[in-house]
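Residue numbers for the sequence shown follow this note's numbering, so the first one is 63 and each next one is one higher.
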Amino acid sequence: MPYPISYDLVPSDEISHRISRLQQALAARSLNGIMILDGVNMFYYTGTIQNGVLFVPTGGEPALFIRRSLERAEKETPLKTLVRIRGLGALPGWLQTHGYLTARLGLNEATLPVSIFKRISEIFPRGAFEDMSLSLSMIRSVKSDYEVGLIREAGKRHKVLYDHIPGMIREGMTEWELGSAIHGRMLQLGYTGMARLATYNSELFAGVISFGESGNYPTASVGPGGLVGLSPAFPFLGGARRLKEGDTIFVDTGFAHEGYFTDKTRIFALGRPHEVAVDAHKICLDIQEAVRSRLRPGAVPSEMFEEVYRTEVMERKFEENFMGFGDNQVPFLGHGIGLVIDEFPAISTKTDVPLKKNMVLALEPKKGLKDIGLVGVENTFLVTEQGGEKLTPGSDEITVIS
């Protein structure tokens, strides 16, 4: 008896449009095609995640080569050419027999293990390979209306999650206990984690939950939020520190709906927060608004960063421990988001590619305060002609738990 599918599939016209954009990028680089092995891009261009290789030619129909599961792929992808293989060695012969050219091929070098690259080089001994990782990221950065709809839904569910957090907070609980309660509620709301990251060798579990000075704890994370975790082997979610009166509570989570993320941070306080925390938080909200208002098509992220940093950060003498305490400081004000949390582009000095309509970015101005922890905010915004449209509704102010 067939197992019933209870989830929606990616529309076939969505897949066709994505492949067409990729083929235009391949043609611009004079490549014959591209081989895609990573799960995120395989899903983006096929609507399924399987153990195999997607081959997209510069012209013509793509072919999805599958170790397993061919049966599942047949249920989930609109692609017509599905080929069962035992290993990579089967690719050259099949492609040659069916008229595909392979002299110049693209690869996603940002995700490709060296061992797999060596094997590809062996089976295509006369092939020349070019890195297409930036092109793949840039294509995914501009969302379709379908994708924006999924991100909107993630934002709505994200709000429901945060509306429940005040009722989860109690004096004496640990960061891990609050984080576990939040994660459980996320799953009940249909959270389709894992929390995928693009940065090499980076991991995230559910989010960052920090009480007081834990928000300043040293971290290898790509974000500004510090956290302790349960052990050196698992420096994620939260640690054993217990909540006490007067603590700030830093909650930074990503919420995914059908694989598409929103990113959101809110600050709570058990009792009246320190005045310095309230003042610093307000400045972070001003910085967020300064960037949000500039999220328009054609705006250059590096110019936005430099202007906002000069007028909103430096002029207020806010630089110390801004965007992370001490060595936790990060050199950006925001990042793209979609199928992974840290997508292209970043609002940083190194990003000179102009924004486009329907890019989605998370802005996260945050400030580390000695003995108090981290304050600030994070919201997910859609790039529009009127500036950033907020996709993570709800108040940005500190929520006081009495």
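C-beta: ideal position from N, C-alpha, C; glycine also.
Fair warning: this is a prediction, and the values are worked out from it, not measured in the lab.
Query	Result
Beta-carbon proximity of V353 to G396, cut-off 9 Å	yes
When K428, A260, Y371 are compared against A339, the one with the closest alpha-carbon	K428
Own chain partners of R181 with C-beta closer than 7 Å, once the 5 adjacent residues on each side are dropped	L150
Nearest to E122 (by Cα), restricted to the options V210, Q85, I111, K137	The amino acid occupying residue 122 in the given sequence is Gly; Glu does not appear at that position. Nearest of V210, Q85, I111, K137 to G122, Cα basis: Q85.
Residue ranges of each alpha helix (DSSP H) within the stretch 334 to 380, 4 or longer	337 to 354, 363 to 370
Alpha carbon of S464 to alpha carbon of E209, nearest angstrom	39 Å
Option nearest D433 by Cα separation, candidates M230, L144, E233, S276	S276
Contained alpha helix (DSSP H) runs [length at least 4] in the stretch 80 to 142, N- to C-terminal order	101 to 108, 132 to 138
H160 - DSSP class collapsed to helix/strand/coil	coil
Whole-angstrom distance between T159 and T413, CA atom to CA atom	43 Å
For K379 and A216, the rounded distance between their alpha carbons	36 Å
CB contact flag (L18, V437, <9 Å)	As displayed, the chain neither begins before 63 nor continues past 464, which places residue 18 out of reach and without an answer.
Option in K419, N420, L425, I403 with minimal Cα separation from S410	L425
Buried versus exposed, by CB contacts within 10 Å (16 or more), E136	exposed
The stretch 265 to 275 contacting the stretch 241 to 252, beta-carbon criterion three pairs below 8 Å	yes
Between the CA atoms of T173 and H343 - distance to the nearest angstrom	37 Å
Three-state secondary structure (DSSP) of R303	coil
Close-in-space but distant-in-sequence residues of the same chain around I349 (CB under 6 Å, 5 per side omitted)	E374, P427
Given L196 as reference, the closest of A87, R303, T281 once Cα atoms are compared	A87
Neighbourhood of G316 by C-beta, 6 Å cutoff - its chain only, sequence neighbours within 5 removed	A257, F323, D325, I403
Opposing strand residues paired with D271 [DSSP bridges]	Residue identity differs from the one stated: residue 271 is Ile in this sequence, not Asp. Partner(s): V313.
Residue nearest to F387 in terms of C-alpha spacing, selected from M366, S457, N278, I81	N278
Bridge-paired residues (DSSP) for V145	F127
Buried or exposed by the 16-neighbour rule on C-beta atoms within 10 Å, applied to M63	The pLDDT assigned to M63 is 42, lower than 50, so where the model puts this residue is not dependable; a value taken from the coordinates is nonetheless given after this. Exposed, by the Cβ-count rule.
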